[in-house]
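J.:
There are 2 protein chains.
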Amino acid sequence: MSMRTQYCGLVTEALLGQTVSLCGWVHRRRDHGGVIFIDLRDREGLVQVVCDPDRAEMFAVAEGVRNEYCVRVSGLVRARPAGTENAGLNSGKIEVLCHELEVLNPSITPPFQLDDDNLSETTRLTHRVLDLRRPQMQQNLRLRYRVAMEVRKYLDAQGFIDIETPMLTKSTPEGARDYLVPSRVNPGHFFALPQSPQLFKQMLMVANFDRYYQITKCFRDEDLRADRQPEFTQIDCETSFLGEQEIRDLFETMIRTVFRNTMNVDLGDSIPVMKYEEAMRRFGSDKPDLRVKLEFTELTDAMQDVEFKVFSTPANTKDGRVAALRVPHGGELSRGDIDSYTDFVKIYGAKGLAWIKVNEVAKGRDGLQSPIVKNLHDAAVATILERTGAQDGDIIFFAADRAKVVNDSLGALRLKIGHSDFGVEKGLSEQAWRPLWVVDFPMFEYDEENSRWVAAHHPFTSPKDEHVDYLEADPGRCLAKAYDMVLNGWEIGGGSVRIHREEIQSKVFRAMKIGAEEARDKFGFLLDALQYGAPPHGGIAFGLDRIVTMMAGADSIRDVIAFPKTQRAQCLLTQAPSEVDEKQLRELHIRLRTQEPAKTV
Amino acid sequence: MSMRTQYCGLVTEALLGQTVSLCGWVHRRRDHGGVIFIDLRDREGLVQVVCDPDRAEMFAVAEGVRNEYCVRVSGLVRARPAGTENAGLNSGKIEVLCHELEVLNPSITPPFQLDDDNLSETTRLTHRVLDLRRPQMQQNLRLRYRVAMEVRKYLDAQGFIDIETPMLTKSTPEGARDYLVPSRVNPGHFFALPQSPQLFKQMLMVANFDRYYQITKCFRDEDLRADRQPEFTQIDCETSFLGEQEIRDLFETMIRTVFRNTMNVDLGDSIPVMKYEEAMRRFGSDKPDLRVKLEFTELTDAMQDVEFKVFSTPANTKDGRVAALRVPHGGELSRGDIDSYTDFVKIYGAKGLAWIKVNEVAKGRDGLQSPIVKNLHDAAVATILERTGAQDGDIIFFAADRAKVVNDSLGALRLKIGHSDFGVEKGLSEQAWRPLWVVDFPMFEYDEENSRWVAAHHPFTSPKDEHVDYLEADPGRCLAKAYDMVLNGWEIGGGSVRIHREEIQSKVFRAMKIGAEEARDKFGFLLDALQYGAPPHGGIAFGLDRIVTMMAGADSIRDVIAFPKTQRAQCLLTQAPSEVDEKQLRELHIRLRTQEPAKTV
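Chains as they are written, first to last, in this note's numbering: chain X, 4 to 604; chain Z, 4 to 604.
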C-alpha cells in the first residue's frame, strides 16, 4: 500500500536482490544505448534507475519524463556493472532496475538548473521552492534543525524548560524600532512584536521557573544589512541563582556540545575570557576575530610630543588614540596595495593611512622607509619599533584619530589584511574556530546627540557589585556583568546578570535620565515584579541564524532561512508585504498617510 | 561558590547529615516555641527550615523575613522529630537546621495568598508573576513543556525536521481576520501574521523536505471565546508520499505516545474512525464526546405523515431533521428539570423540547406520558419506541427543525445531560479519554449570504479521488480527504491530504467561484509551486494549548499559557496593546481614524 519502501539516497548494496519502491524527482535523465537512466532524487540523495526497453509500457513512461517530474519507481536493486560504480554517491554501488514507473506529477521546465551555482539572489528568492531543492539548501536547513535540536537536548538535560512568551506585546521605544500591530478591539492601541523576550524571561525568573529557554522569533524594524533580517531567531535562556561565571560555564558547554555533535568540531576545553577593555586595546573591537594574528600597538602616550600633528593632536585629545598595526612580511606589499588599504580605511572615517616599512631594524631610523618618519623624533621611533616588536621585512600601519575611528579603521584593516591572500599565505590568519568570551562591558555609552547616558547592553543589566556607586557619581566608569560570546569575529551570543533589586534598577534608570514616571509607564510591570522577592538571575541569547550561517559556511543568513526577506524587507515568493483591503484598515481604526489609494472591497 | 547545592523540593533523607545550600522563597514562616520554622519553596517544592535562637545573628534575620522573601539558607539536613513527618511532601521526612540565612531580596506584601483558590481572573492576570508562582501554574507550564518535548522526540525519530516559516507574511483575506503589520520600508503595504503555516509547509513539501514540523504561533483576530486566544500554538506537521491512512497512523501514534509518556495514560491500541456523516447522524456533532453514551435516533422519515406539524413540517423540508435522544432512567427527571432543559436548547435555536416519558413500554401508547404523543399516529409511536429501543423508565427528547438546529440543540442537550450529576449517577457518561478520528468531511459548505460554496476545511484540501467529478457537477456531494482528531468532544487536531496537482486546485477554486485572476493574485506562489512536480502530500495541525488544557484538567487555555490575553485581547500585566508615539505612526505611513489624540513625542 505504501508509495515507497525506502529513501532513494539510502538504497545501498545491503538491499541487493530486493524489490524497492522509491518516490522522488527526476534529477537527470539520460538516454544511453537505447536504455534510459534516471537519477532519482529525494531528500536523502540520488539513486540510479535503469529503464530497459523490454518493459514497453514502463519504457514509454520513461521516455516521457523530464527533469523535476515527481515519479514513483518500483524495481530490483542490483549491482552496477563493474567500472560504473560512483564513489561519490551513497548508492553508488547499486542501481535499480525499473519494473514500474508512475508519474505522480509532471513538471514544467524549471527556470534554472538546480546545480547552477551562479544564480542571482533575486532568482533564487523568487523561485525559492525550487531553490530549496538544491542540495546545499537542504543541508543548511537540516543543519539548522540539528543545531536547534542539540540545543534543546542539552538544555533539557540541564533542567531548562521551554516557555512560550507573547508575540503580541507592548511597544517600548527603547533600542531598535518596533514592528507594530494595530488592535481592532482596542481602537488607537497597538501591539508590538517582541525585539526579544527579555522582560518576560526576567518575569519568569521572578515567577520561580528557575531555568527558562525558548528558541523564538524576534523582530526589529531596522534597515537591513547583509546579516540582518526583520525577523530572526534567538536561543533565549535565563536562569536563577547562578553567578556570572556559572552562567558562562553552562552556556559555553552548550555551544561546545552543539559544535561537537553537529559538526564534529572541538572548540577546546574552555573558551578564553577577555575584558572589553583589552579587546578594544589589542584589536579595536569588542568582537575580535582571533583567527587573525595581528594586534594593535598602543602609541597614544608616546606620540604626545612629536612634531607630526597627525599623531600629536589626537594623542593630546581626550578620546583620541594613536595605534599601530605591525604586519609581518608586510614589506612585500606594493605601493598599490598600500594605496588600496588607504582607500579602505577611509570607509571607516580615517583620513589617511600612515606606514613605515621596516627594512633593517638594526639600523634604527635609517633602516626605515616611510613618508612620516622624518616627523617623528628618535625616541618616538624607538618606542614604535620596540613596542611593535618590529622585525626586518615588516610594515607598520598607523591610525591616529578619535578612538572610535582608530578602532574601526585599524580593526577593519587588521581583518582585511589577515584574511587577504597575502595574509593567508604569510600565516597572518588561520582556518579555525576561535571562540572567545568578552566580558566587563561598560554599563553605558554616552549619547552625544541627546546628552545622556544610554545602556550599552540593555537597562536591565547589572552593574559590577563594586561599581554600583558609579551609577550616580561617574556612570562612564561603571562596568556591567555583561558577556558576549564571540566566534571568529562574530558576536554569536550576548547576555548578562540582570538587576534583581528594584532600587538598583531605579538608579540605573536615573543614570540614564529616565524619570520615575517614564520608567513606571514603560517598565512598571518589571519594577513591580522586582519588589516581590525577585531572585538573582541572568541569562544569554544566542543568534541561531548567525551560528548556523557560520557552521554552514554560507554567505548570508538568508541561506539558512527557508523563506527570508530581501534587504528591502520583501518576500519575493509571496509578494509580502502587500496592499490590503480598505475594509481591513477600517476595522483596525487606521488609514494610510500615502496618496496611493487602498483597494476597495 | 554556588548559591545552592540542591533544589528545596529535592532534599530528602538521602542527604541526612549533609550540609546543603538552598535558595527559594519563604512560603510560610511560623514562630513556634521560640523557634522559627520557614517553609522554603523553589520550583521543585517545599522544605522545612528550622531556625534556632542559639545562632543569634541568623535568628535575627529569620525574625525579619516575611512571605515571598527570596532567601538563601545553608544548614544541616536532619530527620524530623518522630511524629512531625509530613507524608504530603517529598522532603517530609527531613528538615534543614539553619546555619546561615541570607535575604537575597525582600518582598513587599503580596496582594493575595498564593494558596488562595478563589482569585478572580483579573487579579491573577494583573499579578501574573505571582500567579505563576502557584504550584498549579508551575505544573501546567511544565506539563506543557513535557508535551512539546515528547512531540519533538517522536517526530525527530520519525525523520521530521523542524523548519521555521515566516511570521511576517502575506495577508490572504480568506478564513479568519488577519493581524496586520504595516511596513515602514514599503509605504501602504502590510504584512500579516500567519493564521497557520499552511502554504509554507506545502511549499516545503514541494521543496523536497519530505517531513516537516513546527511548534509555532498562529494568529487570528477574532472575537475571543473561552478557548481562544489571539495567538495560539500549533503543532504543525506535513509529510510527502503518504496516503490518508498512513498519515493518520503516524499521528495517532504520536498522540498516544505523548499521553503515555507525560500522563501515563493509555489511549488504546488504535483510535476509532468515524465518518462525518455518521458522527452527525448519531451525535449531531463533528466532534462527538464519546464519554457520553447517549445517541440520536433518526426519525425524519417516520414523521412525514404525522398530524403534529412541529415534526411533520421539518420532516418534509429539504434540510429539515427530526431526531430523538433516549435518556435511560430519564423518567426520574422532574418537570423542573425538563423545563430547564427546554430553556437550554433554546440557546441553540430550538423552539421547544418535546418529550415522552416511557412508563411501561409493553403498554404501547398507554404506557407513555407526554404532551405530544396524542398528535402522533400509532405507527409513528411504534417506530419511536422501536428505533430508540425505549425501556421502562426512560425519557425520550425530540428535536425537529432545520438539521443544524436539531444537531446543535440536541447535541448540546446530550452533553448537558450526560455530564450532569444525574447523568454521571446513572452511568450515562464515563470518566475516560475517548479519542476518535472523524473523516470524510464534505469539501464545501454553502454560504447562503454570498450564494457560493466555501471550503469546509481549507481550499487546499484534496477531494476523494472518486469525487473529483463532483467538483463541477455537484460540489455539495464532494467529500474530502480530511480528518479531525477529536478527544472528549474537543477537536484537538485537524488535517488533510492536500491537492498536489495544479488542475485539481484550479477546479476547487472554480467550484468556490474564485476566478483565475483572484486565485493567482492570492495564491499564485502555490499554484506555481504545484507545477514543478509537487509530490502527493498531506498533514495535520494539533492545538497545543487545547491538548495541554485537557491534560491539565484546566478550566481555560489561559491556565496553560504563561502570559495570556484577556477576552478583550489585552495583557493586564504589561498593558498591551497601548498607545504609541505619533512618530512611530508617521514612520509606518499610517494615521489613526479615531478621535483619540496620539501621544506626541
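Here a beta-carbon is modelled for each residue, glycine too, at the ideal position from N, C-alpha and C.
#1: What's the gap between the Cα of A579 (chain X) and the Cα of Y182 (chain X)?
#2: Would you grab the beta carbon distance between A432 (chain X) and Y351 (chain X) for me? Rounded to a whole angstrom, and I think it's under 8 Å.
#3: If V384 (chain Z) and R368 (chain Z) are in contact, beta carbons under 8 Å, what's the gap, nearest whole angstrom?
#4: Kindly list the residues whose CB is nearer than 6 Å to the CB of A65 (chain X), restricted to its own chain and excluding five residues on each side of it in sequence; keep chain order.
#5: Rank Z:C574, Z:H592, Z:K586, Z:E585 by C-alpha distance to the C-alpha of T125 (chain Z) and give the top, closest one.
#6: At 3 residues or longer, and completely inside the stretch 215-266 of chain X: list those beta strand (DSSP E) runs for me, N to C.
#7: What number of angstroms, rounded off, separates the C-alpha of F526 (chain Z) from the C-alpha of G518 (chain X)?
#8: Quick one, which of Z:R329, Z:S288, Z:P317 has its alpha-carbon nearest K354 (chain Z)'s?
#9: Between E505 (chain X) and M208 (chain X), what straight-line distance do the alpha-carbon atoms span, to the nearest angstrom?
#10: Would you list the one or two residues that DSSP bridges to E451 (chain Z)?
#11: So what's H422 (chain X) in DSSP terms, helix, strand or just coil?
#12: Indicate whether at least one CB of chain Z lies closer than 8 Å to the CB of E335 (chain X).
#13: So which of Z:A195, Z:L146, Z:D239 has the shortest CA-CA distance to G497 (chain Z)?
#14: Report the three-state DSSP secondary structure of Y396 (chain Z) (helix, strand or coil).
#15: Taking all protein chains shown into account, do 16 or more other C-beta atoms lie within 10 angstroms of the C-beta of Q434 (chain Z), making it buried, or fewer, making it exposed?
#16: If the cut is a Cβ gap below 8 Å, which residues of chain Z does M6 (chain X) touch?
#17: Kindly indicate which three-state DSSP category D71 (chain Z) falls into: helix, strand or coil?
#18: Name the chain Z residues that come within less than 8 Å of Q236 (chain X), Cβ to Cβ?
#19: Quick one: give me the first and last residue of the alpha helix (DSSP H) that V313 (chain X) is part of.
#20: Using 8 Å as the Cβ pair cut-off and three pairs as the minimum, do the stretch 255-270 of chain Z and the stretch 289-297 of chain Z touch?
#21: Looking only at C-alpha atoms, which of X:S5, X:G426, X:V68 sits nearest to R31 (chain X)?
#22: Who are the near neighbours of D443 (chain Z) in its chain, counting only those whose CB is closer than 6 Å to its CB and skipping five residues on each side?
#23: Looking at C-alpha atoms only, which residue of X:R147, X:V29, X:F512, X:E298 is the closest neighbour of G556 (chain X)?
#24: Taking N108 (chain X) as part of the beta strand (DSSP E), name the residues at either end of that continuous run.
#25: Might you give, ordered along the chain, the residues of its own chain that have their beta carbon closer than 7 Å to the beta carbon of H503 (chain Z), omitting 5 neighbours on each side?
#26: Can you tell me where the alpha helix (DSSP H) holding A357 (chain Z) begins and where it ends?
#27: If you draw a straight line from the C-alpha of R46 (chain Z) to the C-alpha of N211 (chain X), how long is it?
#28: Could you tell me whether the Cβ of D161 (chain Z) comes closer than 8 Å to any Cβ of chain X?
#29: Beta-carbon separation of G287 (chain X) and V409 (chain X) under 8 Å?
#30: Just how far apart, CA to CA, sit L529 (chain X) and P466 (chain X)?
#31: Within the same chain, show all residues whose beta-carbon is closer than 7 Å to that of F566 (chain X), passing over the 5 residues directly before and after it, in chain order.
#32: Can you list, in chain order, the stretches of the beta strand (DSSP E) that have 3 or more residues and sit fully within the stretch 323-382 of chain Z?
#33: Helix, strand or coil, according to DSSP, for G556 (chain X) in the structure here?
#34: Opposite G191 (chain X) in the DSSP bridges: which residues?
#35: List the residues of chain X whose Cβ lies closer than 9 Å to the Cβ of N211 (chain Z), in chain order.
#36: Quick one: list the residues of chain X neighbouring H503 (chain Z), beta-carbon separation under 9 Å, in chain order.
T.: Reading off the structure:
#1: The residue given as residue 579 (chain X) occupies position 576 in the first sequence. The residue given as residue 182 (chain X) occupies position 179 in the first sequence. Answer to the nearest angstrom: the Cα atoms are 15 Å apart.
#2: Residue numbering aside, residue 432 (chain X) sits at position 429 when the first sequence is read from its first letter. Residue numbering aside, residue 351 (chain X) sits at position 348 when the first sequence is read from its first letter. Sequence inspection shows Ser at residue 432 (chain X); the Ala mentioned does not correspond to that position. Beta-carbon to beta-carbon, S432 (chain X) and Y351 (chain X) are separated by about 19 Å, too far to satisfy the 8 Å threshold.
#3: As a position in the second sequence, residue 384 (chain Z) is number 381, starting the count at 1. As a position in the second sequence, residue 368 (chain Z) is number 365, starting the count at 1. That belief holds up - the Cβ atoms of V384 (chain Z) and R368 (chain Z) are roughly 5 Å apart, short of 8 Å.
#4: Here the question's residue 65 (chain X) lines up with position 62 in the first sequence. These residues qualify, in order along the chain: I39, C54, L104.
#5: Residue 125 (chain Z) sits at position 122 when you count from the first residue of the second sequence. Nearest to T125 (chain Z) by alpha-carbon distance, out of Z:C574, Z:H592, Z:K586, Z:E585, is Z:C574.
#6: Those beta strand (DSSP E) runs which fall completely within the stretch 215-266 of chain X and span 3+ residues are 234-243.
#7: Walking along the second sequence from the start, residue 526 (chain Z) turns up at place 523. Walking along the first sequence from the start, residue 518 (chain X) turns up at place 515. If you take the alpha carbons of F526 (chain Z) and G518 (chain X), they lie about 50 Å apart.
#8: As a position in the second sequence, residue 354 (chain Z) is number 351, starting the count at 1. Of the candidates Z:R329, Z:S288, Z:P317, the one whose C-alpha sits nearest the C-alpha of K354 (chain Z) is Z:P317.
#9: Position 502 of the first sequence holds residue 505 (chain X). Position 205 of the first sequence holds residue 208 (chain X). About 15 Å.
#10: Locating residue 451 (chain Z) in the second sequence gives position 448, where the first residue counts as 1. BP columns for E451 (chain Z) are empty, so no partner.
#11: By one-based count along the first sequence, residue 422 (chain X) stands at place 419. Helix.
#12: Sequence index remark: in the first sequence, residue 335 (chain X) carries index 332 (1-based). For E335 (chain X), the answer is no, since every Cβ of chain Z falls outside 8 Å of its Cβ.
#13: Within the second sequence, the letter at position 494 stands for residue 497 (chain Z). Minimum Cα distance to G497 (chain Z) is reached at Z:D239.
#14: In the second sequence, counting from the first residue as 1, residue 396 (chain Z) sits at position 393. The amino acid at residue 396 (chain Z) is misidentified as Tyr; the sequence shows Gly. Under the three-state reduction of DSSP, G396 (chain Z) is assigned to coil, being neither helix nor strand.
#15: On the second sequence, residue 434 (chain Z) is found 431 positions in, with the first residue counted as 1. The residue in question, Q434 (chain Z), is exposed, as its Cβ has fewer than 16 Cβ neighbours within 10 Å.
#16: Reading the first sequence from its first residue, position 3 is the one you call residue 6 (chain X). Under the 8 Å cutoff, chain Z gives F244, L245, G246, P539.
#17: Numbered from its first residue, the second sequence carries residue 71 (chain Z) at position 68. It should be noted that the sequence gives Glu, not Asp, for residue 71 (chain Z). Coil at E71 (chain Z), not helix or strand.
#18: Translated into the one-based positions of the first sequence, residue 236 (chain X) becomes position 233. The sequence given here has Thr at residue 236 (chain X), not Gln. Simply E167.
#19: Mapped onto the first sequence, residue 313 (chain X) falls at position 310. Taken as a continuous stretch (DSSP letters only), the alpha helix (DSSP H) holding V313 (chain X) covers 312-318.
#20: These segments do not touch.
#21: The residue you call residue 31 (chain X) lines up with position 28 of the first sequence. Out of X:S5, X:G426, X:V68, the CA that lies nearest to the CA of R31 (chain X) is found in X:V68.
#22: Here residue 443 (chain Z) refers to the residue found at position 440 of the second sequence. The beta carbon of D443 (chain Z) sits closer than 6 Å to those of K278, Y279, L482, all from its chain and outside the five residues before and after it, given in chain order.
#23: Here residue 556 (chain X) refers to the residue found at position 553 of the first sequence. Nearest C-alpha to G556 (chain X): X:R147.
#24: For the purposes of this step, residue 108 (chain X) is taken as the residue at position 105 of the first sequence. Its beta strand (DSSP E) spans residues 97-108.
#25: Locating residue 503 (chain Z) in the second sequence gives position 500, counting from the first residue. Excluding the 5 residues flanking it on each side, H503 (chain Z) has same chain C-beta neighbours closer than 7 Å at L533, A537, P538, P539, H540, in chain order.
#26: To locate residue 357 (chain Z), count along the second sequence from 1; it is residue 354. Where A357 (chain Z) is concerned, there is no enclosing alpha helix (DSSP H), although the beta strand (DSSP E) it sits in stretches over 357-361.
#27: Counting from 1 along the second sequence, the entry for residue 46 (chain Z) is found at position 43. Counting from 1 along the first sequence, the entry for residue 211 (chain X) is found at position 208. Whole-angstrom Cα-Cα distance: 6 Å.
#28: To locate residue 161 (chain Z), count along the second sequence from 1; it is residue 158. First, the amino acid is wrong: residue 161 (chain Z) is Gln here, not Asp. No, because no Cβ of chain X sits closer than 8 Å to the Cβ of Q161 (chain Z).
#29: Against the first sequence, residue 287 (chain X) aligns to sequence position 284. Against the first sequence, residue 409 (chain X) aligns to sequence position 406. Between G287 (chain X) and V409 (chain X), the C-beta gap is smaller than 8 Å, which places the two residues in contact.
#30: Residue numbering aside, residue 529 (chain X) sits at position 526 when the first sequence is read from its first letter. Residue numbering aside, residue 466 (chain X) sits at position 463 when the first sequence is read from its first letter. Going by the C-alpha atoms only, they are around 18 Å apart.
#31: In the first sequence, the residue the question calls residue 566 (chain X) occupies position 563. The residues are R131, C574, L576.
#32: Correct list: 323-330, 357-361.
#33: For the purposes of this step, residue 556 (chain X) is taken as the residue at position 553 of the first sequence. The three-state secondary structure of G556 (chain X), taken from DSSP, is coil.
#34: In the first sequence, counting from the first residue as 1, residue 191 (chain X) sits at position 188. DSSP output for G191 (chain X) lists no bridge partner at all.
#35: Reading the second sequence from its first residue, position 208 is the one you call residue 211 (chain Z). Against N211 (chain Z), the close residues of chain X are G27, W28, R44, D45, R46, L135, R136, Q141, in the order they occur along the chain (beta-carbon pairs closer than 9 Å).
#36: Residue mapping note: residue 503 (chain Z) aligns to position 500 of the second sequence, counting from 1. Near H503 (chain Z) (Cβ distances below 9 Å), the residues of chain X are C73, L107, N108.
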